[in-house]
């Protein structure tokens, strides 16, 4: 009778109201307040329904509320997927994650299942990682652009301790030297190292309160950090190496810097282990690929040195004003050879700061280059002179 009619009317009207509440504003993604108002409306609606369920008889029942919540959950997740995809600010994505966790935990207290919300947060985590990678691409670009590519000078024990406090470096011979002295690497080494750690902290922040195990958090951080190293940092280093105006000194310093960053990868592994409390030997943990990133950058810098010096040597040999036809060798070396030797001497002096293996390989490569070029030209001239006589 009348009671059944009223119950049907009430439920019909509340379904309409639910659809209105679940309709997000078009600009919800622009501010955190937009999301907050949206969540408050939904929580308010279902808290009222839960209260009516427990204080009235028959007006609503559990099946009706479960059906309403299932619809609400579906629409809420769809709205959050759409609006969160517009966000490019990792701080806003992190704040949104915290709001969603609060929203889910609140409704869970009232008995509503929220597992799908936490599943969706894992999707948003991937988006958060992408926004972090874009942010850190800018950070690395600024660090590399502003670096002077010169060894860090220190004039006091305080300055020395500050650098080794920022970057894990130990050299007994350097410690014994009097001040002033220089570290072998430039400023970008400790700066890049510390920004990698800041990225790891940022990844950890998102994993908090997601009901994940330590192993899952450890795996997530390592995978994101690998993307930072192999994609973001690698691209930043390659862009610097391939610049048209980059000099030999800068390339040599990049080789030195990446050598030290490669050695620091074990400390980054330890850093992750310490914050996740997951020991590498207890589970099959993802390894960091930093070693590969820095080796690739170093090889690219070496190739760039080879290319640049080859071009320079070719210019010397092509523009050389040397009389290859003369029969009088005299006691004076050709001016072009004097210039070439002076150029090579100053060039190889730059290599003295390189690791021994890199320095030897580069020097041998160019001795071979000059020798082959010179011997070929001498052989051609000898044949030409023989043919003319």
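Numbering (the numbering used here), first residue to last: 113 to 501. For every residue, glycine included, the Cβ atom is placed at its ideal position computed from N, Cα and C.
**Prompt:** Beta carbon of residue 279, beta carbon of residue 305: below 8 angstroms?
**Reply:** yes
**Message:** Let's see if you can read the secondary structure: which residues bound the alpha helix (DSSP H) around residue 218?
**Reply:** 202 to 221
**Prompt:** If you count every other CB in all the chains shown that lies within 10 Å of the CB of residue 234, and 16 or more means buried, which is it?
**Reply:** exposed
**Asked** Hey, how far is the Cα of residue 294 from the Cα of residue 137?
**Response** 58 angstroms
**Message:** Just to confirm my understanding: we take residue 413, look at its own chain, exclude 5 residues before and 5 after, and list those with CB closer than 7 angstroms. What are they?
**Reply:** 353, 363, 366, 367
**Prompt:** What separation, rounded to the nearest whole angstrom, lies between the Cα atoms of residue 416 and residue 286?
**Reply:** 30 angstroms
**Asked** Roughly how many whole angstroms lie between the Cα atoms of residue 425 and residue 262?
**Response** 26 angstroms
**Asked** How is the alpha helix (DSSP H) around residue 385 delimited, first residue to last?
**Response** 377 to 388
**Prompt:** CA-CA distance, residue 311 and residue 337?
**Reply:** 8 angstroms
**Request:** Output the boundary residues of the alpha helix (DSSP H) element that contains residue 315.
**Result:** 300 to 319
**Message:** I'd like the list of long-range same chain contacts for residue 283, defined as Cβ closer than 7 angstroms, with 5 residues on each side in sequence excluded.
**Reply:** none
**CB contact below 8 angstroms: residue 414 versus chain C** = The question asks about chain C, but that chain is absent: this structure has only one protein chain.
**Beta-carbon proximity of residue 400 to residue 380, cut-off 8 angstroms** = yes
**Item:** residue 297 and residue 267 closer than 8 angstroms at C-beta
**Value:** no
**Request:** Output the boundary residues of the alpha helix (DSSP H) element that contains residue 356.
**Result:** It is not in any alpha helix (DSSP H) - residue 356 carries neither H nor E in the DSSP assignment.
**Asked** What are the partner residues of residue 265, as DSSP defines its beta bridges?
**Response** 294
**Message:** Please report the straight-line C-alpha distance between residue 340 and residue 118, rounded to a whole angstrom.
**Reply:** 60 angstroms
**Asked** Cα-Cα, which of 241, 142, 155, 348 is closest to residue 249?
**Response** 348
**Item:** 8 angstroms Cβ cutoff met for residue 185 and residue 220
**Value:** no
**Asked** Of the residues 407, 141, 322, 324, which one's Cα is nearest the Cα of residue 346?
**Response** 407
**Request:** Starting from the C-beta of residue 319, find all residues in its chain whose C-beta is less than 7 angstroms away, skip the five residues before and the five after it, and write them out in chain order.
**Result:** 329, 332
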